[in-house]
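Visitor: Structure provided below as structure tokens; questions to follow.
Residue numbers (the numbering used here): 480 to 972.
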């Protein structure tokens, strides 16, 4: 007995939803039929229906068109196309490969990121789960060619869960509220265990057990409990932790934990909806709304604690000199720069930084810096214990467009090959050429340091920009018969 997919389309591309996996038990001669209804094709992912497991199936080639009549003819489908088992397996494979790509990517960061197209990703996971469930109902009597891909997908889900579990274990030192641990992490783990049982066994019994666990405490129920805990200052674990240790590490550790839980809940809801053929739209929709609410709340808390730490700059200023004058002066320039970087990374701020550490040097001859707002943006230690330290903070860099970074890079690189002329000391070169002739932007930091001073440069809190909040390069200054090499650092304002 051969197995044939019945679809209501003969087009080359179709959009399907999980609703279509609710098949009608029907036969035609010696063939089994799986009835699949086609969803309307949206103009783009953003317009996809919220309850649909939406993904694109390419290159569906009809074997031959056929008309079904009588009681076996699906209502509302005046024409169907019969698909060969080869095409059907390709259909399954596309689904599994799509989900596999999601979980493989998620392994890099330890969670599935649902933004900005949360509905589409939920839909793809639900569709894959729906196919897994269909395997039990339709293909239980014969080997399935997609089984190996499903095994790989199952393994990826388990590997991701292992990473998530390790993250939860790391949080035990932070979790002081048993209710959070039991009601949230514990309940998520229980539901995931039943899901893993099914993904391992692929039996009706394991699917029934998952259904019972889902009905007892669905991901949406757990999300409501999470919202309840986060809404009260006395039970919000992030706030409680920040009251004990108000640092960037504390905040981001809890932020990532909460985001991981939300990711877990969305994955569970998506897979369970597909596996259990749950047609209720409310669960997934409301869960996505709760994720948006929690994400907005975390953003507000981040802004609140940034304001709370607005005095960090004075603290760094008061700390830097005494820190250097103790045994730390024995550190290499590289070690000093790394230690200062670690200190700055502990603050929850949107400012980004350049750290410059170099030998004792003569102002205007060996080094010079220009900064319009230096009183608020530059901290330094000058010729102490054999070194100079400059810390520059960019207050706007993290909010500036990529074009601004590209322009700074282009301007600095243009100065590399003798564009700058020896016209007096470094102050004169900076003011008459770099500033007055607008070789580089003058509203942030412009700093020149002689190559003989063993400069070490570090940048901090400038995600996505490995050269920091601006650009820096070694530049040749034309001195006639001689060449003077300096490091030019340009920081955004």
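Each residue gets a CB set at the ideal place from its N, CA and C atoms; glycine is no exception. These figures come from a predicted structure and were not determined experimentally.
Excluding the 5 residues preceding and the 5 following residue 866 in the sequence, name in chain order all residues of the same chain whose CB lies nearer than 8 Å to its CB.
Guide: Taking the first residue of the chain shown as position 1, residue 866 is located at position 387. Excluding sequence neighbours, residue 866 sits near 803, 808, 812, 815, 836, 837, 838, 839 and 860.
Visitor: Mind checking whether residue 938 and residue 782 have CB atoms under 9 Å apart?
Guide: Along the chain shown, one-based indexing puts residue 938 at 459. Along the chain shown, one-based indexing puts residue 782 at 303. Contact: no.
Visitor: Between which two residues does the alpha helix (DSSP H) harbouring residue 851 extend?
Guide: Taking the chain shown and counting its residues from 1, one reaches residue 851 at position 372. Where residue 851 is concerned, there is no enclosing alpha helix (DSSP H), given that its DSSP letter is neither H nor E.
Visitor: Please list the terminal residues of the continuous beta strand (DSSP E) segment that includes residue 900.
Guide: The count along the chain shown starts at 1 and reaches residue 900 at position 421. Start and end: 896 to 900.
Visitor: Out of 663, 966 and 925, which one is the CA nearest neighbour of residue 931?
Guide: Taking the chain shown and counting its residues from 1, one reaches residue 931 at position 452. Nearest C-alpha to residue 931: 966.
Visitor: With distances taken from CA atoms, which of 917, 885, 741 and 846 is nearest residue 943?
Guide: Position 464 of the chain shown, counted from the start, is the residue given in the question as residue 943. Of 917, 885, 741 and 846, the residue nearest in Cα terms is 885.
Visitor: Looking at the secondary structure, which residues open and close the beta strand (DSSP E) in which residue 907 lies?
Guide: Translated into positions along the chain shown, residue 907 becomes position 428. Segment 905 to 908 is the alpha helix (DSSP H) holding residue 907; no beta strand (DSSP E) there.
Visitor: Whether or not the region 896 to 904 and the region 872 to 887 are in contact is what I'm after, with contact meaning three or more pairs of Cβ atoms, one per stretch, closer than 8 Å; do they touch?
Guide: no
Visitor: Mark residue 665 as exposed unless 16 or more other C-beta atoms lie within 10 angstroms of its C-beta, in which case mark it buried.
Guide: Taking the first residue of the chain shown as 1, we reach residue 665 at position 186. Looking at its Cβ environment, which holds fewer than 16 other Cβ atoms inside 10 Å, residue 665 is exposed.
Visitor: Under the DSSP definition of a beta bridge, which residues are partnered with residue 838?
Guide: Here residue 838 refers to the residue found at position 359 of the chain shown. In DSSP, residue 838 forms a bridge with 866.
Visitor: Run through DSSP, which three-state label would residue 937 get?
Guide: As a working mapping, residue 937 is identified with position 458 in the chain shown. Here residue 937 sits in strand by DSSP.
Visitor: Just the Cα atoms here: how many angstroms apart are residue 770 and residue 801?
Guide: Translated into positions along the chain shown, residue 770 becomes position 291. Translated into positions along the chain shown, residue 801 becomes position 322. The straight-line gap from Cα to Cα measures roughly 45 Å.
Visitor: Whole angstroms is fine: what's the gap from residue 948's alpha carbon to residue 908's?
Guide: Counting from 1 along the chain shown, the entry for residue 948 is found at position 469. Counting from 1 along the chain shown, the entry for residue 908 is found at position 429. Their backbone Cα atoms lie some 23 Å apart in a straight line.
Visitor: Do residue 925 and residue 868 have their CB atoms nearer than 9 Å?
Guide: Taking the chain shown and counting its residues from 1, the one referred to as residue 925 is at position 446. Taking the chain shown and counting its residues from 1, the one referred to as residue 868 is at position 389. Going by C-beta atoms, residue 925 is not nearer than 9 Å to residue 868.
Visitor: Is it buried or exposed, residue 845, if we count other Cβ atoms within 10 angstroms and call 16 or more buried?
Guide: In the chain shown, the residue the question calls residue 845 occupies position 366. Per the 10 Å Cβ criterion, buried.
Visitor: Pull up the distance between the alpha-carbon of residue 721 and that of residue 729, whole angstroms please.
Guide: Indexing the chain shown from 1 puts residue 721 at position 242. Indexing the chain shown from 1 puts residue 729 at position 250. Approximately 6 Å, taken between the alpha carbons.
Visitor: Starting from the Cα of residue 849, find the closest Cα among 827, 892, 697 and 927 and give me that residue.
Guide: Residue 849 sits at position 370 when you count from the first residue of the chain shown. Closest by alpha carbon: 927.
Visitor: With distance defined between alpha-carbon atoms, name the residue in 791, 900 and 780 nearest to residue 717.
Guide: Sequence index remark: in the chain shown, residue 717 carries index 238 (1-based). It is 780 whose Cα lies nearest to the Cα of residue 717.
Visitor: DSSP puts residue 926 in a beta bridge; with which residues?
Guide: Position 447 of the chain shown holds residue 926. Partner(s): 848 and 968.
Visitor: Applying the criterion that 16 or more other CB atoms from any shown protein chain within 10 Å of the CB defines a buried residue, is residue 852 buried or exposed?
Guide: Sequence index remark: in the chain shown, residue 852 carries index 373 (1-based). Counting of Cβ neighbours within 10 angstroms places residue 852 among the exposed residues, the total staying below 16.
Visitor: Can you pull the DSSP bridge partners for residue 673?
Guide: Numbered from 1 along the chain shown, position 194 holds the residue referred to as residue 673. DSSP lists no partner for residue 673.
Visitor: List the DSSP bridge partners of residue 871.
Guide: Counting from one through the chain shown, the residue named residue 871 turns up at place 392. Answer is 833 and 857, bridged to residue 871.
Visitor: Mind checking residue 789: buried by the 16 CB within 10 Å criterion, or exposed?
Guide: Position 310 of the chain shown holds residue 789. By the neighbour-count definition (other C-beta atoms within 10 Å, threshold 16), residue 789 is an exposed residue.
Visitor: May I ask you to report which of helix, strand or coil DSSP gives residue 811?
Guide: In the chain shown, the residue the question calls residue 811 occupies position 332. If DSSP states are grouped into helix, strand and coil, residue 811 belongs with coil.
Visitor: Would you please state the rounded distance, in angstroms, between the beta carbons of residue 686 and residue 677? I believe it to be under 8 Å.
Guide: Indexing the chain shown from 1 puts residue 686 at position 207. Indexing the chain shown from 1 puts residue 677 at position 198. The pair is a contact, with the Cβ atoms about 5 Å apart (cut-off 8 Å).
Visitor: Confirm, please, whether the CB-CB distance from residue 744 to residue 786 is below 9 Å.
Guide: Walking along the chain shown from the start, residue 786 turns up at place 307. Walking along the chain shown from the start, residue 744 turns up at place 265. No, the pair does not count as a contact, with Cβ atoms beyond the cut-off.
Visitor: Residues in the same chain with beta-carbon distance under 8 Å from residue 773, minus the five sequence neighbours each way, listed in chain order, please.
Guide: For this step, residue 773 is matched to residue 294 along the chain shown. The answer, listed in chain order, is 705, 706, 709, 737 and 741.
Visitor: In the DSSP assignment, what are the bridge partners of residue 954?
Guide: Looking up residue 954 in the chain shown gives position 475. Bridge partners of residue 954: 965.
Visitor: When the distance is taken between beta carbons, is residue 834 closer than 9 Å to residue 969?
Guide: Taking the first residue of the chain shown as position 1, residue 969 is located at position 490. Taking the first residue of the chain shown as position 1, residue 834 is located at position 355. No.
Visitor: Using the three-state DSSP reduction, which class does residue 790 fall into: helix, strand or coil?
Guide: Position 311 of the chain shown, counted from the first residue, corresponds to residue 790. Residue state, collapsed to three classes: coil.
Visitor: From this set, 763, 964 and 794, which residue's C-alpha is nearest residue 825's C-alpha?
Guide: In the chain shown, counting from the first residue as 1, residue 825 sits at position 346. Among 763, 964 and 794, the Cα nearest to that of residue 825 is on 794.
Visitor: First and last residue of the alpha helix (DSSP H) that includes residue 716?
Guide: Position 237 of the chain shown, counted from the first residue, corresponds to residue 716. It spans 716 to 723 - the alpha helix (DSSP H) in which residue 716 sits, taken as one unbroken run.
Visitor: Could you please give me the residues that DSSP links to residue 949 through a beta bridge?
Guide: By 1-based counting over the chain shown, the position of residue 949 is 470. Paired residues: 970.
Visitor: Compute the Euclidean distance between the alpha carbons of residue 891 and residue 952, then round it to the nearest angstrom.
Guide: Taking the chain shown and counting its residues from 1, the one referred to as residue 891 is at position 412. Taking the chain shown and counting its residues from 1, the one referred to as residue 952 is at position 473. Roughly 7 Å separates the two Cα atoms.
Visitor: Please check if any C-beta of chain C sits within less than 9 Å of the C-beta of residue 815.
Guide: This model lacks chain C altogether, as it is built from one protein chain only.
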